[in-house]
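Asker: Before anything else, here's the structure in question.
Numbering (the UniProt record's numbering), first residue to last: 1 to 234.
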């Protein structure tokens with residue numbers, strides 16, 4: 001456990017999770033007490049894979065963690081491969097989200113639960129298309145669904161599925177994807193020690209990556225929405 005996270009849990013609840021613009025504005029009220037920067041609860045985890053369809057009601061126990069990676073995958077070449085494809089053998093690999101390929105949508109109310117989209121798109125484009133015309137990009141929850149998705153495209157090749165890597169995770173396990181990065185952030189290179197995040201109050205509270213061993217104030221929250229305290233440790 002991150003030492004600051006332990007302190008927050010002993011004295012308050014968690015390091016601060018910033019879920020939306022309202023939380024960001026609450027964070028901004030601390031500017032008068034924190035004059036430089038302060039830790040928040042966001043940190044880097046290269047293995048933080050999640051499904052585009054995040055509603056847990058669609059998953060039985062263990063299904064959100066189902067994986068069928070090809071041997072050696074995910075390998076995150078050059079720290080740029082953050083989206084998953086299903087290959088012709090039914091196994092998965094990670095590639096750049098900006099690559100173009102076919103995709104499979106999930107449709108909770110349609111006659112076919114899984115729908116092949118043959119138009120090549122990037123992963124974000126495929127996600128938007130599936131959400132507009134169906135439910136979301138396909139989640140593959142078990143071996144049976146893996147076989148169904150594999151059989152949709154007899155020509156073989158890759159298809160986008162809804163699994164993606166969001167390497168930044170909140171210490172309380174929140175699924176919030178809200179981010180408020182400063183210009184040129186986040187800065188992360190393979191092997192970098194800058195894997196923790198601070199709000200820089202000299203830059204309107206925008207976020208930056210720092211070495212987790214750096215000394216800084218930090219912000220805890222207690223209660224549903226209130227970000228309440230900043231402390232200096234050293």
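Even glycine gets a Cβ: it sits at the ideal position worked out from N, Cα and C.
#1: With three or more beta-carbon pairs closer than 8 Å as the criterion, would you say the region 82 to 98 touches the region 139 to 159?
#2: Taking the alpha-carbon of residue 82 as reference, which of 59, 167 and 184 has the nearest alpha-carbon?
#3: Using CA coordinates, which residue listed in 204, 130, 17 and 200 is at the minimum distance from residue 38?
#4: Could you tell me the alpha carbon to alpha carbon distance between residue 24 and residue 210, rounded to whole angstroms?
#5: Kindly give me the distance between the Cβ atoms of residue 162 and residue 69, rounded to whole angstroms, as I take these residues to be in contact under 8 Å.
#6: Based on the DSSP secondary-structure assignment, which residues constitute the bridge partners of residue 159?
#7: Please state whether DSSP places residue 73 in a helix, a strand or coil.
#8: Would you kindly check if the distance between the Cβ of residue 15 and the Cβ of residue 262 is under 8 Å?
#9: Specify the secondary structure class of residue 56 as computed by DSSP and reduced to three states.
#10: Okay, do the region 119 to 126 and the region 101 to 110 touch, 3+ Cβ pairs below 8 Å being the bar?
#11: Do you know how far the Cα of residue 109 is from the Cα of residue 58?
Answerer: Based on what the coordinates show:
#1: yes
#2: Counted from its first residue, the chain shown places residue 82 at position 82. Here the closest residue by C-alpha is 167.
#3: In the chain shown, counting from the first residue as 1, residue 38 sits at position 38. When each option's Cα is compared against that of residue 38, the closest is 200.
#4: Here residue 24 corresponds to residue number 24 of the chain shown, with the count starting at 1. Here residue 210 corresponds to residue number 210 of the chain shown, with the count starting at 1. Their backbone Cα atoms lie some 19 Å apart in a straight line.
#5: The residue given as residue 162 occupies position 162 in the chain shown. The residue given as residue 69 occupies position 69 in the chain shown. Not a contact, Cβ separation roughly 15 Å.
#6: For the purposes of this step, residue 159 is taken as residue 159 along the chain shown, with counting starting at 1. The partner list for residue 159 (beta bridge, DSSP) reads 86 and 102.
#7: Along the chain shown, one-based indexing puts residue 73 at 73. In the structure shown, residue 73 sits in coil (DSSP, three-state: anything other than H, G, I, E or B).
#8: Here the chain comprises residues numbered 1 to 234, so residue 262 is not present and cannot be evaluated.
#9: The residue labelled residue 56 in the question sits at position 56 within the chain shown. If DSSP states are grouped into helix, strand and coil, residue 56 belongs with the helices.
#10: yes
#11: Translated into the one-based positions of the chain shown, residue 58 becomes position 58. Translated into the one-based positions of the chain shown, residue 109 becomes position 109. C-alpha separation (whole angstroms): 13 Å.
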